[in-house]
Ligand code: COA
Ligand code: AMP
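In the working numbering, the protein residues as written are 42 to 668.
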């Protein structure tokens, strides 16, 4: 049995022994009573009765140990021409002071704080400050528009919101404060306070009596100590797209999360304390939570917070510049970023301008990685490229080539094998296990390992309904996959209406709600179609109300603008196509899979349940795959 197989076997045969061993890497104020509490199964809890503080483990522990003067965080922002560095001591002090500012504004343990910020170090400081005092943060991606922010404010009911005057996208300034003001106006819940970081690029107008300048809040504050947080207390809520317009509030706890991330930094990413680790993502996504902020700091690494793009800031050599300048050893990003680089610099010529001798491994995740992109990256960079699979709900990788246990052969197109702690299976519709090579529903046998979601925020019934009811005893991932004869998994597509646009997880259901609300639209379907750069892009098929005589181009422009204003620029509709009717089953369900096949130019069979086959012909004549 290989080292990987032995470790994976042990993690499933004796999960309590395995995870107790991993938990010893952290500082516990009080050890757990039970490693795995299954008394309320299928809602499992890890390290019940234990007390540990995530911020203490991510910062203070290293300051009190040997890492006080080691760099903890490097902020590298080509869009503002800034590089700012924090040692562990400096970051701990900044976090403790902002934690004191939160307390001074009345934030108490267990209360929620929404963080709506661009990629600035203050975003990470605000997250860690919440963890320090036991407040529950909920970071909202800066690319979401006011109505999406409002939904999250309404659900999380924060006492306070931390924001900034603006984000900076190449060529334009995105003012955050008007979006925040609109969101608060739309939301039935009103936070008592907003703390706003004024950036030099734009001054936000503060609302008297509610809003406070970040620096003024700090000036009046005293550093706060770490609170005693139970391992099972919530650390954060991160909303993620579901199949409807209502996002799901994924809850993460303190104990299991800290243990799992610490384990993953070693076992999956093969990093050691003191090394430089860079995840080029955004703090608004789970990758940013786990591998810009918590994972690298828990592991005593130096993390990089990059405010820029893979291309255009200033060119397709931006990533190589950061890797060389800061001595990055392990780098994590989404395949789409590599597709963007490959498009601009197909021969990888810019790579040669930089000294990448300290760079060791590239990790890609967030969407399916096409073999061409993986092979291009491997050839040009001359380092192993590891595709790995996970999702917001899980919080850390579930399928990977665990470089820290034992590097396995790479199979381009496969996210490799189950990570220790995860028992993955592929089931057919009746719940029987699929044979090797047969595609089916990817599920994980319960209990899920530490670090995964214990529930959805204020929606335990929704957690059951969405993830646990389909196959009792298993967690439904929502992905379709197959396992090959060597035990490698190949994740192929979603089984629901979630799409992945440039590594951003979006709900076509949410877009349909926005499109359907247009006064000229009778009904619509939004589907994800294949795109060479972004992986998938949303396409809207629209049936107009009878009697509407306006130009289709004009309506398409209005619908695109609506989706952008309601969900965000990242959800821009690639195409809007007016069709006479939507192809449906006799029970009235839109035939989405068939529509996707037609749009992508793939073969399809006319479903036996179709109401009227002529509807497909009509669609085919207007919907040829985009060139
Ligand atoms: N705040 C405000 N607006 C944002 C934003 C943010 N944080 N992030 C993206 N946007 C805007 C962009 O400015 C763009 O606006 P525009 O239509 O006015 O130009 C729009 O949303 C679409 O952005 P995006 O989907 O990112 O496409 P792009 O063409 O601007 O860039 C890539 C393409 C590939 C360079 C870019 O998607 C990228 O860097 N991808 C990597 C993604 C990633 O790391 N994801 C994390 C998962 S691990
Ligand atoms: P998110 O919750 O935003 O991380 O998105 C998770 C979803 O992205 C998964 O359920 C998959 O559909 C997709 N995904 C993430 N990583 C991969 C990967 N390596 N291969 C295929 N799909 C992936």
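Glycine included, every Cβ here is placed at the ideal spot set by N, Cα and C.
Kindly list the residues whose CB is nearer than 6 Å to the CB of residue i, restricted to its own chain and excluding five residues on each side of it in sequence; keep chain order.
i           : result
residue 167 : 156, 203
residue 567 : 549, 552, 553, 579, 581
residue 116 : 125, 162, 346
residue 614 : 579, 581, 601, 604
residue 95  : 172, 276, 295, 299
residue 596 : 561
residue 454 : 412
residue 503 : 497
Could you give the DSSP three-state label for residue i: helix, strand or coil?
i           : result
residue 504 : helix
residue 336 : helix
residue 437 : coil
residue 635 : helix
residue 150 : coil
residue 297 : helix
residue 693 : A query on residue 693 cannot be resolved here, the shown segment of the chain reaching from 42 to 668 and no further.
residue 127 : strand
residue 235 : strand
residue 188 : helix
residue 446 : coil
residue 659 : helix
residue 68  : coil
residue 56  : helix
residue 520 : strand
residue 178 : strand
residue 278 : strand
residue 305 : helix
Compute the Euclidean distance between the alpha carbons of residue i and residue j, then round it to the nearest angstrom.
i           : j           : result
residue 127 : residue 72  : 31 Å
residue 183 : residue 479 : 40 Å
residue 252 : residue 236 : 6 Å
residue 446 : residue 310 : 9 Å
residue 604 : residue 625 : 24 Å
residue 66  : residue 303 : 8 Å
residue 515 : residue 89  : 22 Å
residue 389 : residue 425 : 16 Å
residue 98  : residue 169 : 11 Å
residue 687 : residue 56  : An answer regarding residue 687 cannot be provided, because it is not within the stretch 42 to 668 covered by the chain.
residue 517 : residue 239 : 43 Å
residue 245 : residue 214 : 12 Å
residue 45  : residue 658 : 51 Å
residue 662 : residue 535 : 26 Å
residue 371 : residue 327 : 18 Å
residue 563 : residue 619 : 11 Å
residue 418 : residue 380 : 9 Å
Taking buried to mean at least 16 other C-beta atoms within 10 Å of its own C-beta, is residue i buried or exposed?
i           : result
residue 581 : buried
residue 101 : buried
residue 421 : buried
residue 260 : exposed
residue 86  : buried
residue 105 : exposed
residue 434 : buried
residue 506 : exposed
residue 621 : exposed
residue 669 : Residue 669 lies beyond the range of the chain shown here (42 to 668); nothing can be said about it.
As a quick exercise: from the options, pick the residue whose alpha carbon is nearest that of residue i.
i           : options            : result
residue 255 : 284, 304, 201      : 201
residue 159 : 206, 124, 146, 140 : 206
residue 652 : 243, 561, 81, 628  : 628
residue 606 : 232, 428, 220      : 220
residue 175 : 185, 312, 308, 136 : 136
residue 574 : 413, 78, 474       : 413
residue 635 : 595, 593, 592, 570 : 570
residue 301 : 153, 340, 277, 284 : 340
residue 191 : 150, 141, 286, 275 : 286
residue 274 : 113, 177, 432, 428 : 177
residue 91  : 108, 110, 78, 69   : 69
residue 224 : 208, 590, 53, 196  : 196
Looking only at its own chain, which residues have a Cβ that is under 8 Å from the Cβ of residue i, when we skip the five neighbours before and after it?
i           : result
residue 358 : 386, 391, 392, 394, 395
residue 533 : 409, 480, 520, 521, 522, 523
residue 608 : 185, 186, 188, 189, 547, 551, 552, 555
residue 638 : 644, 645
Less than 7 Å between C-beta atoms, sequence neighbours within five positions excluded: which residues of the same chain meet that for residue i?
i           : result
residue 408 : 375, 376, 377, 541, 544, 576
residue 305 : 336, 437, 438
residue 48  : 446, 461
When every heavy atom of the ligand MG is checked, does at least one fall within less than 7 Å of the C-beta of residue i?
i           : result
residue 136 : With respect to the ligand MG, the structure shown offers nothing to examine, as its ligands consist of the ligand COA and the ligand AMP.
For chain D, find out if any of its Cβ atoms is closer than 8 Å to the Cβ of residue i; answer yes or no.
i           : result
residue 642 : Absent from the structure: chain D. Only one protein chain is present.
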